[in-house]
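> Numbering follows numbering that gives the first Met the number 0, in which position 170 of the sequence shown is assigned residue number 169; successive positions increment by one, without gaps.
Ideal Cβ positions, reconstructed from N, Cα and C, are used throughout, including at glycine.
Because the structure is a prediction, the values reported are computed rather than measured.
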Amino acid sequence: MTSAMGTTLAKVSITTPKRGIDVALPENVPVAELLPYILRHAGEDAPDTGEQHGGWSLRRPTGELLEGRQTLAAQQVRDGEILHLVPGPVDWPEIEYDDLVEAIASGARRYGRSWGRAATRRAGLVVAAVLLCGGSLVSLLFEPPWLDAGLIMLSAAVVLTALGIVVARAVPDAYAGAVFAGSALPYAFLGGYLPTAPDHQGLFSFGSAQLLLGAISLLVFGIVGYLGVGAMSRVFVAAISTGFLGALGALFGGWMDPDAAGALVLTIAIGLLPGYPWLSLRLGRVPLPALPQRSADLLKDEPHPATPAVFDAAARADELLTGFLTGAALISAFSSIFLAAHGGGSRLIMLILACAALLLRARLFPVPRQRIPLLVAGLWVFALLADWCFGTASGNGGIGLFLLALVVVALLVAAAGLVYSRKNPSPWFGRIADIVDVMAIVALIPFAGFITGFFAYVQGLMASIG
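Shown next as structure tokens:
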């Protein structure tokens, strides 16, 4: 679990000599610092008793001792584990087995769970999703006329979406329905992208009008899937946000260059990152505590919403936030391609700012499903920058210099990962990262104005007035 402040907590059950307690402990704090707080709940005489027999320690049911200098995360203590608070000097013998086969099976189970029915279900759905999404690549084999190809893809999207809704509502199996409806999204985009394309153009030579229709089709099918399936909402919210921002980019691309439209959409997608959590709370209808406005409000005993309703709202907001961040990451990665393809100093500086903003903003989202899309998008932009550096290098010396810089960056990242997996970084680093993050997001605006020609337009307008 994760607290509101971003600290990762592990919910464990601790068996003490007098009682059992269920607590949520921070994973990044050494065990030795947690023991005094655990002893407060272990019994009134627990601290005094510890002085008599040499202190207390935490052990797993197998007898494995939790080291006091290491954190719970470093010792892989997970939610739901059972720990034992025992005297430090106690002799805890290892489990003895009467049968060699039983000992081998017990040892093997420590390295992972066996394949069961749940794994069979997940594997079947994953394979189906891969096959269905991979089937959309058949569009690479289509030839003109594009109208026929577009109608085929659009029909596949309609069938898969309808199948997903029926499975989710009638079976009912919402997650299986989400797999079918989610797999329809690539077909939906291609179903809008292909039909109106000129027959004399190739698949990757279509204009902004075709991209606009594809984005609108993706937006519509995302809304239908979100309303009709009711599970894995993050997939459909990502499609909605991607379709909306993609439609904006296509509209901009109708009257400006592709790199200018990409710069504008990239700025919008990254600039909205600070507002996605607030938007998710609002759309998820998460009940927020009402702050007293007058002294009389302090005496009012307002009824609290039901706990299940709060949990449902929190889960709904989490799905929305994950979808928004995934959509922003997809749009950022796609828009950066146009900037890298055009080249030029202003475009490359904007890519550097986008890379920094994505990577630094990812640290504020502790949940992996929300952090990973931003990290992947940031690394994709970094890869585009690296490709430009190697492409512009002159001779073997220049290539070797860029390769050396890349190795140094990789070593620094590895060192930071190893060091800060054992301890928290300094608060000063966090404050510096926050400042750089905000500066990178704000700095995108003037560069977008320069690339789109807005500054030149204003300058010419002022010159004509003067």
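Please return the same chain residues whose Cβ sits closer than 7 Å to the Cβ of L211, not counting the five positions on each side in sequence.
The residue you call residue 211 lines up with position 212 of the sequence shown. Result list for L211: A246, A249 and L250, in chain order.
> Any idea if Y419 is buried or exposed, counting beta-carbon neighbours within 10 angstroms, 16 or more meaning buried?
Here the question's residue 419 lines up with position 420 in the sequence shown. Y419 comes out exposed.
> In three-state DSSP terms, what is D147?
Reading the sequence shown from its first residue, position 148 is the one you call residue 147. DSSP places D147 in helix when its eight states are reduced to three.
> So A262 and A447 are in contact, right, with Cβ under 8 Å, and what is the actual spacing, rounded?
Numbered from 1 along the sequence shown, position 263 holds the residue referred to as residue 262. Numbered from 1 along the sequence shown, position 448 holds the residue referred to as residue 447. 5 Å between Cβ atoms; contact.
> If you run the structure through DSSP and keep just helix, strand and coil, what is H199?
Here residue 199 corresponds to residue number 200 of the sequence shown, with the count starting at 1. In this structure, H199 counts as coil in the three-state DSSP scheme.
> Please report how far the alpha carbon of L65 lies from the alpha carbon of H83, in whole angstroms.
For the purposes of this step, residue 65 is taken as the residue at position 66 of the sequence shown. For the purposes of this step, residue 83 is taken as the residue at position 84 of the sequence shown. Straight-line Cα distance between these residues: approximately 10 Å.
> Using only alpha-carbon positions, find the residue among Q292, P29, A259 and A314 that is nearest to P286.
In the sequence shown, counting from the first residue as 1, residue 286 sits at position 287. Residue A314 is the option with its Cα nearest to P286.
> CA-CA distance, E142 and M152?
The count along the sequence shown starts at 1 and reaches residue 142 at position 143. The count along the sequence shown starts at 1 and reaches residue 152 at position 153. Approximately 13 Å, taken between the alpha carbons.
> Which first and last residues belong to the beta strand (DSSP E) in which S56 is found?
Indexing the sequence shown from 1 puts residue 56 at position 57. Here the beta strand (DSSP E) through S56 covers W55 to R58.
> Taking a contact to mean a Cβ-Cβ separation below 9 Å, would you say G242 touches L217 in this structure?
Taking the first residue of the sequence shown as position 1, residue 242 is located at position 243. Taking the first residue of the sequence shown as position 1, residue 217 is located at position 218. Contact flag set, yes.
> Note down the Cα distance separating E301 from A308, rounded to an integer number of angstroms.
One-based indexing of the sequence shown puts residue 301 at position 302. One-based indexing of the sequence shown puts residue 308 at position 309. E301 and A308: Cα-Cα distance of roughly 16 Å.
> Between A31 and G62, what straight-line distance do the alpha-carbon atoms span, to the nearest angstrom?
Position 32 of the sequence shown, counting from 1, holds the residue named residue 31. Position 63 of the sequence shown, counting from 1, holds the residue named residue 62. Distance between the alpha carbons of A31 and G62 is about 18 Å.
> Could you work out which residue in P276, R281, H303 and W55 is closest to P288 when comparing CA atoms only?
Against the sequence shown, residue 288 aligns to sequence position 289. The candidate whose alpha carbon is nearest that of P288 is H303.
> Taking just the CA atoms, how far does L272 sit from W254?
Residue 254 sits at position 255 when you count from the first residue of the sequence shown. Residue 272 sits at position 273 when you count from the first residue of the sequence shown. In a straight line, the C-alpha of W254 is about 26 Å away from that of L272.
> Are the Cβ atoms of L57 and S135 separated by less than 9 Å?
Working through the sequence shown from its first residue, we reach residue 57 at position 58. Working through the sequence shown from its first residue, we reach residue 135 at position 136. For L57 and S135, no; Cβs fall outside 9 Å.
> I431 CB to nearest chain C CB: under 9 Å?
Absent from the structure is chain C; it holds one protein chain and no more.
> Roughly how far, in whole angstroms, is the beta-carbon of L470 from the beta-carbon of G221, given that I think they are within contact range, below 8 Å?
Nothing can be reported for residue 470, as the shown portion of the chain is limited to 0 through 465.
> Does the ligand FAD have even one heavy atom less than 8 Å from the beta-carbon of L71?
The ligand FAD is absent from the structure shown, which contains no ligand whatsoever.
> Using a threshold of 9 Å, state whether the C-beta atoms of P466 and L150 are closer than that.
For the chain, the structure presents residues 0 to 465; residue 466 sits outside this window and is missing.
> Mind checking which residues open and close the beta strand (DSSP E) that includes D21?
Stepping through the sequence shown from its first residue, residue 21 is reached at position 22. Segment G19 to P25, the beta strand (DSSP E) holding D21.
> In terms of residue numbering, what span does the alpha helix (DSSP H) encompassing L210 cover?
As a working mapping, residue 210 is identified with position 211 in the sequence shown. Unbroken alpha helix (DSSP H) run through L210: S207 to G227.
> For the alpha helix (DSSP H) that P367 lies in, which residues bound it at each end?
As a position in the sequence shown, residue 367 is number 368, starting the count at 1. Per DSSP, P367 belongs to the alpha helix (DSSP H) from P367 to T391.
> Quick check on the burial criterion: 16 or more other C-beta atoms within 10 angstroms. Buried or exposed for Y96?
As a first step, residue 96 must be located in the sequence shown, where it is residue number 97. Since pLDDT at Y96 reaches only 49, below the 50 mark, its modelled position is unreliable, and no value is offered.
> Would you decide whether Q209 is buried or exposed? Buried here means 16 or more other CB atoms lie within 10 Å of its CB.
Numbered from 1 along the sequence shown, position 210 holds the residue referred to as residue 209. Per the 10 Å Cβ criterion, buried.
> Assess contact between the region 345-358 and the region 275-284, defined as three or more Cβ pairs (one per stretch) separated by less than 8 Å. Is contact present?
No, the region 345-358 is not in contact with the region 275-284.
> For G452, which residues from the same chain have a beta carbon less than 8 Å from its beta carbon, with the 5 sequence-adjacent residues on both sides left out?
As a working mapping, residue 452 is identified with position 453 in the sequence shown. So the qualifying residues of the chain are M255 and A259.
> Alpha carbon to alpha carbon, how far is G397 from T391?
For this step, residue 397 is matched to residue 398 along the sequence shown. For this step, residue 391 is matched to residue 392 along the sequence shown. Between G397 and T391, the C-alpha separation is close to 9 Å.
> Please report the straight-line C-alpha distance between A385 and S240, rounded to a whole angstrom.
For the purposes of this step, residue 385 is taken as the residue at position 386 of the sequence shown. For the purposes of this step, residue 240 is taken as the residue at position 241 of the sequence shown. If you take the alpha carbons of A385 and S240, they lie about 28 Å apart.
> Could you pull the start and end residues of the beta strand (DSSP E) that S12 belongs to?
Position 13 of the sequence shown, counting from 1, holds the residue named residue 12. Its beta strand (DSSP E) spans residues L8 to T14.
> To the nearest angstrom, how far is it from the Cα of P426 to the Cα of V435?
Taking the sequence shown and counting its residues from 1, the one referred to as residue 426 is at position 427. Taking the sequence shown and counting its residues from 1, the one referred to as residue 435 is at position 436. Cα-Cα distance, rounded: 14 Å.
> Under the three-state reduction of DSSP, which class applies to L466: helix, strand or coil?
Since the displayed the chain opens at 0 and closes at 465, residue 466 lies outside it and no answer follows.
> Can you give me the Cβ contacts of A376 inside the same chain, cut-off strictly under 6 Å, excluding the 5 residues immediately before and after it?
Against the sequence shown, residue 376 aligns to sequence position 377. The answer, listed in chain order, is A328, S331, A332 and L357.
> Go ahead and label Y186 buried or exposed: buried means 16 or more other beta carbons lie within 10 angstroms of its beta carbon, across all protein chains shown.
For the purposes of this step, residue 186 is identified with residue 187 of the sequence shown, where counting begins at 1. That one is buried.
> Work out the CA separation of V406 and V412 for me, nearest whole Å.
Taking the first residue of the sequence shown as position 1, residue 412 is located at position 413. Taking the first residue of the sequence shown as position 1, residue 406 is located at position 407. V412 and V406: Cα-Cα distance of roughly 10 Å.
> So the alpha helix (DSSP H) V457 belongs to, where does it begin and stop?
Position 458 of the sequence shown, counting from 1, holds the residue named residue 457. Run containing V457: F453 to I464, per the alpha helix (DSSP H) assignment.
> Strictly by DSSP, which residues pair up with T70?
By one-based count along the sequence shown, residue 70 stands at place 71. P29, per the DSSP bridge assignment.
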